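The structure appears below as structure tokens.
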Amino acid sequence: MAENTTSQAVSVHAQWSNRTVFILAATGSAVGLGNIWKFPYIAGENGGGTFVLVYLLCIALIGIPIMMAEIMLGRRGKQSPINTMKALAKQENRNPGWVWLGWMGVFAGFLILSYYSVIAGWAMSYVFRTAGGLFLGVTADGVNSIFTDLVSDPERLLAWHTVFMVMTMTVVARGVKNGIEKAVTYLMPLLFALLIVIVLYAMTTGHFLEGLKFLFTPGEIDGKGILIAMGHAFFTLSLGMGAIMVYGSYLSSQHSIAQASILIALADTVVALLAGLAIFPIVFANGLEPGAGPGLIFQTLPIAFGHMQGGTMVGVIFFTLLVFAAWTSAISLIEPAVAYLVENKGFDRVYSAVLIGFLTWFVGLGTVFSFNIWKDHTLTIPFLFENFSFFDTLDYLTANIMLPLGGLFIAIFAAWVMHEQSTKEEMATYPALYKTWRFLVRYITPVAVIVVFLKAIGAI
Ligand code: PFF
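If you count the sequence shown from 1, position 152 lands on 1105 in the numbering used here, and the numbers rise without skipping.
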């Protein structure tokens, strides 16, 4: 199948039952820890307002056009990102070397999942802590020490990391179609509703306006902050590594790529902003630090759950849904690698999922230890970062370097390397919409990514 290079490529994989299912799965991939755990803490660390503005601009000008490009490439290639790149390069009579773009994506997904799973493990452990009533009437200091206790215990982190990886492998082994599609249909709207419940609680803290102001009032941002905002736009929309490409490859040809992309990006952005609106008022009401880092949601939301009516129940449901959101993202992080093994090595899905899952689990040990026994082993890369732990380094390199680089080359491939006729045919949309997309992905997107890179290293 890997050798199939005709424009009507035939897939060895199943296809989505319909367009709605594709949108739900892609939204499931996009909405995850990135929205609820990562977005608030990096916005907090980078000063709020301007960071949020840059992030929103990146979603609109870089994210949506690249999402359309990825879905388009996937649907045309109909295989894992590696084989899709190989097939499309051949079909378009271009350099076969483009296949490395697929490889880089697979590698990035593997690295991201290795730490993503550890953080998802934190959320799982919080389901049980909340259920046990640990946060009832808790103070800010109390939640802080509960969080520190968890991350300084490598065995507990390891156990949860293992459980989450087994959950992820199980779904991928069964094929994405049975199970996750249904889970996403019911759980995503529920997560959304619960976020609104917490935002309503945040409104009662008396610091809602302060939170709002923090998120939306422009302030200072430096080149590094801009890079982090752009990197996050890629991360949160699952772009630059082939996750959306592989989902696109299971989409049948009559559906509109543009509409789907806009819907997915919109849903993702609303969830992130709601998470910010839920968290920052609680931060200010309790004299906490917005720049507290990766522990931010685990040190703020439990305060809400500990003090609101029925908070234990809301908290348990909330963390459970967070685990589900992480789960539907995690499967898309290894699907490209698993699809490749199925296509090229003739392995079955179960074997492929277990193999990749085990390797990911193993690399995840580095993240587990970077919060405790390896805390003092840090790395500095000149111009980029100083004294980063293993986790910080992986997170920075994948989200801020590998995904934007992947996205940049995806844009170049779709807009400069492929023939216009092929992209027009595959996109099959209104002429004006196609032209806008092509203009953005040809000029604006690549230039923006390059400018942000140069600014981050201080070259401009
Ligand atoms: N978009 C996911 C999130 O925001 O949590 C993370 C992610 C999933 C990143 C899939 C990249 C990816 F390919």
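All C-beta atoms in this analysis are idealised placements derived from N, C-alpha and C, irrespective of residue type, glycine included. As the structure is a prediction and not an experimental result, all values here were calculated from the model.
Item: Valine 984 Cβ short of 8 Å to the ligand PFF heavy atom set; Value: yes
Item: For glycine 981 and alanine 1278, the rounded distance between their alpha carbons; Value: 6 Å
Item: 7 Å CB neighbourhood of isoleucine 1035 in its chain, flanking five on each side removed; Value: Val1052, Gly1055, Trp1056, Val1059 and Tyr1293
Item: beta-carbon leucine 977 near the ligand PFF non-hydrogen atom, thresh 8 Å; Value: no
Item: Opening and closing residue of the alpha helix (DSSP H) in which glutamate 1173 lies; Value: Where glutamate 1173 is concerned, there is no enclosing alpha helix (DSSP H), given that its DSSP letter is neither H nor E.
Item: Straight-line Cα distance separating phenylalanine 1392 from threonine 1398; Value: 9 Å
Item: Isoleucine 1334 CB to nearest heavy atom of the ligand PFF below 8 Å; Value: no
Item: First and last residue of the uninterrupted alpha helix (DSSP H) at glutamate 1023; Value: 1017-1030
Item: Endpoints, the alpha helix (DSSP H) within which leucine 1332 is located; Value: Segment 1332-1334 is the beta strand (DSSP E) holding leucine 1332; no alpha helix (DSSP H) there.
Item: Per DSSP, cross-strand counterpart(s) of phenylalanine 1341; Value: Leu1332
Item: With 16 other Cβ atoms within 10 Å as the buried cut-off, status of tyrosine 1383; Value: exposed
Item: Any non-hydrogen atom of the ligand PFF within 8 Å of isoleucine 1363 CB; Value: no
Item: CA-to-CA distance, glycine 1000 to glycine 1081, given in whole angstroms; Value: The sequence given here has phenylalanine at residue 1081, not glycine. Roughly 33 Å separates the two Cα atoms.
Item: Cβ-Cβ distance between isoleucine 1151 and leucine 1254 below 9 Å; Value: yes
Item: Beta-carbon proximity of phenylalanine 947 to threonine 1331, cut-off 9 Å; Value: Nothing about residue 947 can be reported from this structure: the residues present for the chain run from 954 to 1413 only.
Item: Every unbroken alpha helix (DSSP H) inside the region 1347-1380 [4 residues or more]; Value: 1356-1365 and 1373-1380
Item: Rounded straight-line distance, which links the Cα of proline 1171 to that of glycine 1201; Value: 36 Å
Item: Extent of the continuous alpha helix (DSSP H) to which threonine 1158 belongs; Value: Counting along the chain, threonine 1158 falls outside any alpha helix (DSSP H), and DSSP gives it neither H nor E.
Item: Cβ-heavy atom distance, asparagine 988 to the ligand PFF, below 8 Å; Value: yes
Item: Nearest candidate by alpha-carbon position, reference lysine 1408, set Ala1367, Thr1389 and Ile1181; Value: Ile1181
Item: When Phe1187, Leu1147 and Glu1023 are compared against leucine 1204, the one with the closest alpha-carbon; Value: Glu1023
Item: Length of the line joining the Cα atoms of methionine 1021 and valine 1007; Value: 20 Å
Item: Reference phenylalanine 1100; option with closest CA among Leu1312, Ile1413 and Met1077; Value: Met1077
Item: Residue nearest to proline 1018 in terms of C-alpha spacing, selected from Val1394, Phe1406 and Phe1188; Value: Val1394
Item: Check: tyrosine 994 C-beta below 8 Å from any heavy atom of the ligand PFF; Value: no
Item: Alpha-carbon spacing of alanine 967 relative to arginine 1127, whole angstroms; Value: 12 Å
Item: Cβ-heavy atom distance, tyrosine 1304 to the ligand PFF, below 8 Å; Value: no
Item: Closer than 8 Å: isoleucine 1354 CB and nearest the ligand PFF heavy atom; Value: no
Item: Spatially closest choice to glycine 1184 from Ser1105, Leu1358 and Ile1072, by CA coordinates; Value: Leu1358
Item: Under the three-state DSSP convention, the category leucine 1241 falls into; Value: coil
Item: Proximal residues to leucine 1312 (C-beta, below 8 Å), its chain only, five neighbours per side dropped; Value: Phe1063
Item: Counted within 10 angstroms of its Cβ, other Cβ atoms place glutamate 1173 as buried (16 or more) or exposed; Value: exposed
Item: When Ser1070, Ser970, Ala983 and Asn971 are compared against methionine 1198, the one with the closest alpha-carbon; Value: Ala983
Item: Cα-Cα separation, phenylalanine 1271 to alanine 1228; Value: 12 Å
Item: Inter-stretch contact at 8 Å, needing at least 3 Cβ pairs: the region 1349-1364 / the region 1157-1165; Value: no
Item: First and last residue of the uninterrupted alpha helix (DSSP H) at arginine 1127; Value: 1107-1127
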